[in-house]
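Counting in my numbering, the sequence shown runs from 92 upward without gaps. Yeah, the Cβ is synthetic: ideal placement off N, Cα and C, and Gly gets one too. Heads up: the structure comes next, in structure tokens.
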Amino acid sequence: MAESPLVLVHRPPTMKYMDEPLSRYYRILTTHTSSDPLPIFLSRHASSVRAVVSIGRFKIDADFLSHLPSLQLIVCTSVGTDHVDLPECKRRGISVTNAGGAYSEDVADYAVGLLISFLRRIPAADRYVRSGKWAKYGEFQLGIKLSGKRVGILGLGSIGSLIAKRLEPFGCIISYNSTCQKQSIPYLYYPDVVSLAANNDVIILCCALNDQTRHIVNREVMESLGKNGVIINVGRGGLIDEKELVKCLVEGVIGGAGLDAFEKEPGVPAELFGLDNVVLSPHTAIATPGSFNNVVELALGNLKAFFLNQPLVSPVRLD
Numbered sequence: 092m093a094e095s096p097l098v099l100v101h102r103p104p105t106m107k108y109m110d111e112p113l114s115r116y117y118r119i120l121t122t123h124t125s126s127d128p129l130p131i132f133l134s135r136h137a138s139s140v141r142a143v144v145s146i147g148r149f150k151i152d153a154d155f156l157s158h159l160p161s162l163q164l165i166v167c168t169s170v171g172t173d174h175v176d177l178p179e180c181k182r183r184g185i186s187v188t189n190a191g192g193a194y195s196e197d198v199a200d201y202a203v204g205l206l207i208s209f210l211r212r213i214p215a216a217d218r219y220v221r222s223g224k225w226a227k228y229g230e231f232q233l234g235i236k237l238s239g240k241r242v243g244i245l246g247l248g249s250i251g252s253l254i255a256k257r258l259e260p261f262g263c264i265i266s267y268n269s270t271c272q273k274q275s276i277p278y279l280y281y282p283d284v285v286s287l288a289a290n291n292d293v294i295i296l297c298c299a300l301n302d303q304t305r306h307i308v309n310r311e312v313m314e315s316l317g318k319n320g321v322i323i324n325v326g327r328g329g330l331i332d333e334k335e336l337v338k339c340l341v342e343g344v345i346g347g348a349g350l351d352a353f354e355k356e357p358g359v360p361a362e363l364f365g366l367d368n369v370v371l372s373p374h375t376a377i378a379t380p381g382s383f384n385n386v387v388e389l390a391l392g393n394l395k396a397f398f399l400n401q402p403l404v405s406p407v408r409l410d
């Protein structure tokens with residue numbers, strides 16, 4: 092019987108959820124278990140490794156790839172691939188897959204949850220009760236209704252479309268900005284983010300992070316959104332100019348934010364901790380057992396297709 096293929100798992104020590112399912116079908120190596128420096132560990136197994144499973148956001152750059160000349164496939168368990176040097180993968184003929192729609196339902200739920208949490212001040216209300224202030228001072232500050240809000244979605248892909256679907260029953264008026272206008276979509280399209288912000292009460296960020304979208308929400312966008320405007324980010328931290336966001340929150344340029352992603356995770360600007368007009372979350376919109384089960388099945392599907400020389404399930408375009 093032929094020996095099962097070898098798969099390299101590149102992950103943080105705590106993210107073990109893929110190990111057992113992968114080991115049913117493949118021999119696995121994990122980068123974090125070696126006492127050797129990463130380049131030496133990679134080079135030692137270079138001739139055997141044709142596939143890498145990337146969990147978390149460790150950089151897979153030209154230097155990493157140079158130690159694995161036999162590599163043909165990178166399976167990412169994230170939707171975003173900004174941690175992977177895609178041009179270098181294309182140059183080397185390495186295919187890349189991502190998590191596709193594995194997380195979409197849960198991220199869409201979380202985006203709506205963050206928005207309601209901010210508008211109705213749910214985390215602040217929880218703190219108010221726990222601190223004893225309710226008994227001491229009486230009624231809590233009023234929140235803001237979601238119904239009827241104008242919501243602009245930045246990135247109307249799988250996640251953005253599901254967010255819109257969830258907000259429609261609240262009577263929200265949906266519009267969007269995306270890489271192009273979608274002819275079959277009834278929502279109003281804005282060709283730039285400044286006009287999207289200027290014509291909405293809320294903007295929700297769920298687009299990919301790349302060279303074109305880094306800091307796409309800048310000071311001008313926030314000023315256009317206005318002093319009652321709300322930003323919800325369930326994408327990547329780099330979509331927002333974080334320094335300007337902090338200033339705008341402190342100065343009252345915008346009304347508030349619900350943030351599940353930050354530029355230098357797990358670092359969060361300390362200025363945000365004392366603000367009552369922001370809801371903070373540790374990049375956990377994807378984190379449910381259901382989502383992890385979905386991404387395990389998708390990763391296994393991509394690996395199976397690769398080793399059987401069949402079309403990949405969720406390939407990433409490299410051009």
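Going along the chain, which residues of its own chain have a beta-carbon closer than 6 Å to the beta-carbon of residue i, five neighbours each way excluded?
i    : result
Y117 : S95, P96 and V98
F261 : L237 and S238
F149 : H101
I235 : L210
N385 : A193
Could you please give me the residues that DSSP links to residue i through a beta bridge?
i    : result
S186 : L164
H101 : S145
N291 : None, per the DSSP bridge assignment.
L296 : L245 and N324
N268 : L245
P406 : T188
G349 : I323 and V370
Y280 : Y267
V308 : I331
V285 : DSSP lists no partner for V285.
T121 : V100
I254 : Beta-bridge pairing links I254 to no other residue.
I151 : V175
Excluding the 5 residues preceding and the 5 following residue i in the sequence, name in chain order all residues of the same chain whose CB lies nearer than 7 Å to its CB.
i    : result
V284 : L245, N268, I307, V308 and V312
V359 : F353 and L371
S249 : G192 and S195
F383 : Y108
T304 : C298 and L330
R218 : none
L129 : T122
E314 : V344
L300 : G171, D173, G326, R327, G329 and L330
If residue i and residue j are in contact, beta carbons under 8 Å, what's the gap, nearest whole angstrom?
i    : j    : result
M106 : V144 : Wrong, their Cβ atoms sit about 11 Å apart, outside the cutoff.
C298 : L258 : So it is not a contact: roughly 17 Å between Cβ atoms.
V341 : E362 : 6 Å
I151 : H174 : 6 Å
I377 : V220 : In fact, because the Cβ distance is near 29 Å, the residues do not count as touching under 8 Å.
L247 : I213 : No, L247 and I213 are not in contact; Cβ-Cβ is about 27 Å, not under 8 Å.
F397 : L164 : 5 Å
L336 : S186 : No, L336 and S186 are not in contact; Cβ-Cβ is about 36 Å, not under 8 Å.
T172 : P406 : T172 to P406, Cβ: 11 Å. No contact.
G243 : A215 : Contact flag wrong, Cβ pair sits at about 25 Å.
V140 : L156 : V140 to L156, Cβ: 11 Å. No contact.
Is it right to say residue i is buried, meaning 16 or more other beta carbons lie within 10 angstroms of its own, or is it exposed?
i    : result
E333 : buried
Y278 : buried
K414 : The structure shown has nothing for residue 414, since the chain only spans 92 to 410.
E320 : Per the sequence shown, residue 320 should be read as Gly rather than Glu. By the neighbour-count rule (16 or more Cβ atoms within 10 Å), G320 is buried.
T122 : buried
S161 : exposed
A202 : buried
A142 : buried
D410 : exposed
G204 : buried
I131 : exposed
F209 : buried
N400 : exposed
S126 : exposed
D154 : exposed
D367 : exposed
Leaving aside the five residues before and after residue i along the sequence, list all residues of the same chain whose C-beta is less than 8 Å from its C-beta, in chain order.
i    : result
Y280 : S266, Y267, N268, S269, Q272 and K273
R241 : C263, I264, S266, N290, N291, D292 and V293
Verify the CB distance criterion: does residue i have a CB-CB separation below 8 Å to chain B?
i    : result
C167 : This model lacks chain B altogether; it includes just one protein chain.
Review point. Between the stretch 215–232 and the stretch 251–264, are three or more C-beta pairs nearer than 8 Å?
Key: no
**Study point:** Inter-stretch contact (C-beta, 8 Å, three-pair minimum) for the stretch 163–172 and the stretch 183–197
**Key:** yes
Exercise for review: Give a yes or no on contact between the stretch 386–398 and the stretch 362–376, applying the rule of three or more CB pairs nearer than 8 Å.
Suggested key: no
**Study point:** Cβ contact (3+ pairs, closer than 8 Å) linking the stretch 170–180 and the stretch 124–143
**Key:** no
Point to revise | At least 3 beta-carbon pairs within less than 8 Å: the stretch 347–356 vs the stretch 321–329 | key: yes
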